[in-house]
Each structure stands twice: as structure tokens, then as C-alpha cells.
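Participant: Got a structure for you, written out below as C-alpha cells; questions coming shortly.
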Amino acid sequence: MDYIDKLGVSKIINAAGTYTLFSSSTMPAYVQAAVAEAAKHPVRLLELQEAAGRYLAEVLRCEAALVTSGASAAITLGTAACLSVANRDAARRIPVDTDGMRREVIVQASHRYDYDHSLTNCGICFVEVETVEEYERAFSDRTVMAFYFNAAARSPIGREAWIAIAHRHGVPCLNDAAADVPPISNLWKYTAMGFDLVAFSGGKGVRGPQNTGLLLGRRDLVRAASENSSPHDDTVGRGMKVAKEQIVGLVAAVDWVLTQSDESIETECIRRADAIVEHLKALPSVTCETAVGPIANHVPHLLIRYDRAHIAIAPEDVARTLREGQPSIELNPATGGGVENTGLPVDENTIVVGVWMLRDGEEQIVGARLQEVLGSAVIRRR
Ligand SMILES: *Cc1c(COP(=O)(O)O)cnc(C)c1O
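Residue numbering for the sequence shown follows this note's numbering, starting at 634 and increasing by one per position.
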């Protein structure tokens, strides 16, 4: 039974990328099979969590690893872990019984972001800094963690300096690198650099179940993170439960992604982009290029530009028409210079096609639909 059909829900062509709202990624067949097999067998959950953590730590070259219910949960549990090593009985007290607790997290002002709640869930308070001098001065006996947003558009203080200064003060650093695979080597680069904890999404570039994430890093902190999580009942992370299917699915996805290469991912993206461009060749004023996101979504995206004096339709209206069509297609939200901060060279006359998450053959459908919609807006001159 296809329950998406049974529920009357539209299946979409994902020409956006690994966006949470579009269910992120699809699991490769290898991962789907591992999930289906795991679903058949009861296990002791803690035993599975621990074995998965040991296995992942080994293949991802770090001290310890925990499968979480997403990168957001990995950040919450990592924050809870830093509170737990700095305060007695923290797991029971987080997030409201915090009187007298050490609970300050230092962050660059430019690293405050859409996921602040992943940290504030634990009852911490942020201390914002902009310069190295302010950073040095911000440490006190209330500091529990120094937080870094890996894909921030602006980082006055770089990663190495961030880590070195925190470590001089004996404070652990957590890096949110949720969407920053590929390159695949990022899965060990940031722990090797010295971050005490690193968070990744399992359901983005790693292609595991959407509700999984990785918390990688120091053994004592990863253990503390797991003690703040399901199946431990009276903890901030009890609602961030990871089922056996997801734990196994993420392990299988990591195995799968380690069989891939950055070059093969890039080559496939370029091939799909070329196939779409082939459909657009006869349209007046259209120019196409591929561009790679600087850190997050570091894969080729197709950028389509045109002159509105020749093609009288706004990129947002192209996106809406494709969304409302059959099959329904979602373009990248940076289309038309949209709010999404992708770091791509996009303006109000650019269509952005995220070719990365297309399934085989869908590039032909996307190319044909773009040709149809742009073609019908061509201004005919005599
Ligand atoms: C996607 C994302 C998250 C959240 O990841 P989930 O796996 O959906 O919880 C956190 N931080 C950043 C920067 C992200 O891109």
C-alpha cells in the first residue's frame, strides 16, 4: 500500500535541495533496505545506541558518536552535555531549575541564527562577542560552552582561533555543521580540528532518515549527551527519541556515503544541470551557469538568468507555476533572490534549480517544464 497516495498527499519533484520542509533527502535503496530489516527485530535500545555509537566513532575517526533525532537535537544534547559536565545534577534541572547553575554560552553575534532554540531549550544564556578581545574577556566561571555556526555568512573569529581561545579557558566548543556534507571529509575534519562536539544532520547530504543526526566528539561529552536523552525519562532530550529503524538507518547511510566521492556527486549534478540547459537553448536571452554553495549545500546548483524584456515572467511566478503544475516541482527557495541565505550569486532575475536531490530522469521533466513555462512568456516581436 502506498500510504502517500492513500492519504491523497502530492509527491513532489525536489528541485530545491535538502530542505526540511520538502522532507530533505530520500534514502538510497541500500539504506531503505537496512531500515526495513531493522523494523522486524526487537532489540535492547541502549545496547543498539552504544554499538552504533562505537561503530560510527570508528568509521568517522572521532572519540565517540551518538545518533540523535536530527542536528537540532544534537545541538540541544551537546549543550545539555556541556551543562552537565559543568554543573552537579544538571540533567534533572535543565531547563528551568537553573538558579546558581553555570550556564553561559559564548557565541559570535553573527552566529546567532534560526536554530537558537536548539540551545536555549537547555536554559542557557548567550554571551555575544564580535572581536577576539571581547571573546577573551567573555570567559568567566559561568561559561559552559563556546558555540560555532559552521556555515555562517560572516565569522570575524575563525574556527581555529575560536577553538584555541576556548581551550585555553578550559571550555568545550560545539560546531553546528548540519548541512555541510559534502565534502564527505567534513565528517572528520572538524573533530580533527579540535571541536569538542560537532553536529550533522543525518537526513541531508548523508541521506539517512530525515529525523536523524550525528553528535560527534569527546567521549565524556557524548556520554553526557546520551544521559540527557531518550530512553532516560526525566531529561530535556526524552522527546528526541530515536527508534531502532532510525539508528540503523543512519549507520547504513554513513556506510553508504563513505562509498561515494565528492567528485562523483559533483559530476552527477553537472550532468543533470546540462540536461536541463539542453531544454532551454532556444529561449531568447537565457544564460545558464552552475554555482556551488560556499559551505552548506556545497554542490553545483543550476542558475538560470534571463532578460525580462524578452521573457515576461518573474522567477517567483515560474516557481509558483511549477509548484501548481503536474507533477508538482519545487525549485530552490533562493529563486528570485528569495530570503534563503544560500551564498549563491542570485538576484531577482535568477531561477535556482537544486539538482542534487532529483531522482533519476527527473531532470528531463524539470527541463521540459521550465522550457514550457519560460517559452510561453516569450515576447514575440515582429
Ligand atoms: C538543517 C539544519 C539544522 C537542523 O537539522 P535537523 O537535522 O533538521 O535537525 C541545524 N542547523 C543548520 C545550520 C541546518 O542547516
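Don't be surprised by glycine CBs; every beta carbon is placed ideally from N, CA and C.
#1: Quick check: is any heavy atom of ligand 1 less than 7 angstroms from the C-beta of residue 823?
#2: Got a sec, what are the start and stop residues for the beta strand (DSSP E) residue 778 sits in?
#3: Ligand 1 heavy atoms versus the CB of residue 975: any closer than 7 angstroms?
#4: Check whether the Cβ of residue 653 lies closer than 7 angstroms to any heavy atom of ligand 1, and answer yes or no.
#5: Where do the N-terminal and C-terminal ends of the alpha helix (DSSP H) with residue 796 fall, by residue?
#6: Near residue 941, which residues of its chain fall below 8 angstroms by C-beta distance, leaving aside the five closest residues on each side in sequence?
#7: On the criterion of 16 or more Cβ atoms from any shown chain inside 10 Å, does residue 660 qualify as buried, or is it exposed?
#8: Pull up the DSSP beta-bridge partners for residue 832, would you.
#9: Between the Cα of residue 766 and those of 757, 795 and 895, spot the shortest distance and give me the residue it belongs to.
#10: Around the C-beta of residue 960, are 16 or more other C-beta atoms found within 10 angstroms, so that it is buried, or is it exposed?
#11: Bridge partners of residue 963, per DSSP?
#12: Give a single yes or no on whether residue 748 has its beta carbon closer than 7 angstroms to a heavy atom of ligand 1.
#13: Identify the continuous alpha helix (DSSP H) that holds residue 902 and give its terminal residues.
#14: In terms of residues, what are the limits of the alpha helix (DSSP H) holding residue 750?
#15: Buried or exposed: residue 637, going by 16 or more other Cβ atoms within 10 Å of its Cβ?
#16: Please confirm whether any heavy atom of ligand 1 lies closer than 7 angstroms to the CB of residue 788.
#17: Going by DSSP, what residue range makes up the beta strand (DSSP E) through residue 981?
#18: Could you tell me the alpha carbon to alpha carbon distance between residue 642 and residue 988, rounded to whole angstroms?
#19: Flag this pair as yes or no: are the beta carbons of residue 734 and residue 745 separated by less than 8 angstroms?
#20: Between residue 664 and residue 840, is the Cβ-Cβ spacing less than 8 angstroms?
#21: Between the Cα of residue 712 and those of 748, 685 and 903, spot the shortest distance and give me the residue it belongs to.
#22: Any beta-carbon of chain D closer than 8 angstroms to the one on residue 1000?
#23: Based on the DSSP secondary-structure assignment, which residues constitute the bridge partners of residue 863?
#24: Hey, would you say the C-beta of residue 834 is under 7 angstroms away from at least one heavy atom of ligand 1?
#25: Assign residue 994 to one of two classes, buried (16 or more other C-beta atoms within 10 Å of its C-beta) or exposed (fewer than that).
#26: Exposed or buried, what is residue 891 when buried is set at 16 or more other beta-carbons lying within 10 Å of its beta-carbon?
#27: Report the option in 717, 721 and 774 whose CA atom is closest to the CA atom of residue 739.
#28: Could you check if residue 905 is buried or exposed, using at least 16 other CB atoms within 10 Å of its CB as the buried criterion?
#29: Over the uninterrupted alpha helix (DSSP H) stretch that includes residue 997, give me the two end residues.
#30: Output the distance between the C-alpha atoms of residue 897 and residue 867, rounded to the nearest integer angstrom.
#31: If the criterion is Cβ atoms closer than 8 angstroms, does the pair residue 651 and residue 926 meet it?
#32: May I ask which residues mark the beginning and end of the beta strand (DSSP E) holding residue 721?
#33: Under 8 angstroms by Cβ, that's how I've got residue 908 and residue 977 pegged, so tell me the actual separation to the nearest angstrom.
#34: Within 7 angstroms: the Cβ of residue 837 and any heavy atom of ligand 1?
#35: Between which residues of its own chain and residue 970 is the CB-CB distance below 6 angstroms, once the five residues before and five after are set aside?
#36: Which residue or residues does DSSP assign as beta-bridge partners of residue 1011?
Facilitator: Concretely, from the data shown:
#1: Sequence index remark: in the sequence shown, residue 823 carries index 190 (1-based). No, the beta carbon of residue 823 sits no closer than 7 angstroms to any heavy atom of ligand 1.
#2: In the sequence shown, counting from the first residue as 1, residue 778 sits at position 145. That run of the beta strand (DSSP E) goes 776–782.
#3: What you label residue 975 is simply residue 342 of the sequence shown in a count that begins at 1. No - ligand 1 has no heavy atom lying nearer than 7 angstroms to the Cβ of residue 975.
#4: On the sequence shown, position 20 is the one that residue 653 refers to. Yes, since a heavy atom of ligand 1 falls inside the 7 angstroms radius drawn around the Cβ of residue 653.
#5: Taking the sequence shown and counting its residues from 1, one reaches residue 796 at position 163. From DSSP, the alpha helix (DSSP H) with residue 796 extends over 792–801.
#6: Working through the sequence shown from its first residue, we reach residue 941 at position 308. So the qualifying residues of the chain are 947 and 982.
#7: For the purposes of this step, residue 660 is taken as the residue at position 27 of the sequence shown. The residue in question, residue 660, is buried, as its Cβ has 16 or more Cβ neighbours within 10 Å.
#8: Here the question's residue 832 lines up with position 199 in the sequence shown. Bridge partners of residue 832: 809 and 848.
#9: Within the sequence shown, residue 766 is the residue found at index 133, counting from 1. With distances taken between Cα atoms, residue 766 lies closest to 795.
#10: As a first step, residue 960 must be located in the sequence shown, where it is residue number 327. Exposed: under 16 other Cβ atoms inside 10 Å.
#11: Mapped onto the sequence shown, residue 963 falls at position 330. BP columns for residue 963 point to 647.
#12: Here residue 748 refers to the residue found at position 115 when the sequence shown is read from its first residue. Yes, ligand 1 has a heavy atom inside 7 angstroms of this Cβ.
#13: To locate residue 902, count along the sequence shown from 1; it is residue 269. Counting along the chain, the alpha helix (DSSP H) containing residue 902 begins and ends at 895–913.
#14: On the sequence shown, residue 750 is found 117 positions in, with the first residue counted as 1. That run of the alpha helix (DSSP H) goes 749–753.
#15: Taking the sequence shown and counting its residues from 1, the one referred to as residue 637 is at position 4. With fewer than 16 other Cβ atoms within 10 Å, it is exposed.
#16: Position 155 of the sequence shown holds residue 788. For ligand 1, not one heavy atom lies less than 7 angstroms from the Cβ of residue 788.
#17: Numbered from 1 along the sequence shown, position 348 holds the residue referred to as residue 981. Premise fails: residue 981 is in no beta strand (DSSP E) and is neither H nor E.
#18: Here the question's residue 642 lines up with position 9 in the sequence shown. Here the question's residue 988 lines up with position 355 in the sequence shown. Their backbone Cα atoms lie some 23 angstroms apart in a straight line.
#19: Working through the sequence shown from its first residue, we reach residue 734 at position 101. Working through the sequence shown from its first residue, we reach residue 745 at position 112. No, the pair does not count as a contact, with Cβ atoms beyond the cut-off.
#20: Translated into the one-based positions of the sequence shown, residue 664 becomes position 31. Translated into the one-based positions of the sequence shown, residue 840 becomes position 207. Yes, Cβ-Cβ distance for residue 664 and residue 840 is below 8 angstroms.
#21: The count along the sequence shown starts at 1 and reaches residue 712 at position 79. The shortest Cα separation from residue 712 among 748, 685 and 903 belongs to 748.
#22: You won't find chain D in this structure, because it holds only one protein chain.
#23: Working through the sequence shown from its first residue, we reach residue 863 at position 230. DSSP output for residue 863 lists no bridge partner at all.
#24: Here the question's residue 834 lines up with position 201 in the sequence shown. True, at least one ligand heavy atom lies under 7 angstroms from that Cβ.
#25: For the purposes of this step, residue 994 is taken as residue 361 along the sequence shown, with counting starting at 1. Result: exposed.
#26: Numbered from 1 along the sequence shown, position 258 holds the residue referred to as residue 891. So residue 891 ends up on the exposed side.
#27: Locating residue 739 in the sequence shown gives position 106, counting from the first residue. The shortest C-alpha separation from residue 739 is found at 774.
#28: One-based indexing of the sequence shown puts residue 905 at position 272. With 16 or more Cβ atoms within 10 Å of its Cβ, residue 905 is classed as buried.
#29: Within the sequence shown, numbered from 1, the residue matching residue 997 stands at position 364. Residues 995–1008.
#30: Along the sequence shown, one-based indexing puts residue 897 at 264. Along the sequence shown, one-based indexing puts residue 867 at 234. Distance between the alpha carbons of residue 897 and residue 867: 45 angstroms.
#31: What you label residue 651 is simply residue 18 of the sequence shown in a count that begins at 1. What you label residue 926 is simply residue 293 of the sequence shown in a count that begins at 1. No.
#32: Here residue 721 refers to the residue found at position 88 of the sequence shown. Unbroken run through residue 721: none, as it is neither H nor E.
#33: Position 275 of the sequence shown holds residue 908. Position 344 of the sequence shown holds residue 977. About 20 angstroms; that fails the 8 angstroms criterion.
#34: Sequence index remark: in the sequence shown, residue 837 carries index 204 (1-based). Yes, Cβ of residue 837 sits closer than 7 angstroms to a heavy atom of ligand 1.
#35: The residue labelled residue 970 in the question sits at position 337 within the sequence shown. The residues are 979, 980 and 981.
#36: Locating residue 1011 in the sequence shown gives position 378, where the first residue counts as 1. Answer by DSSP bridge pairing, in chain order: 944.
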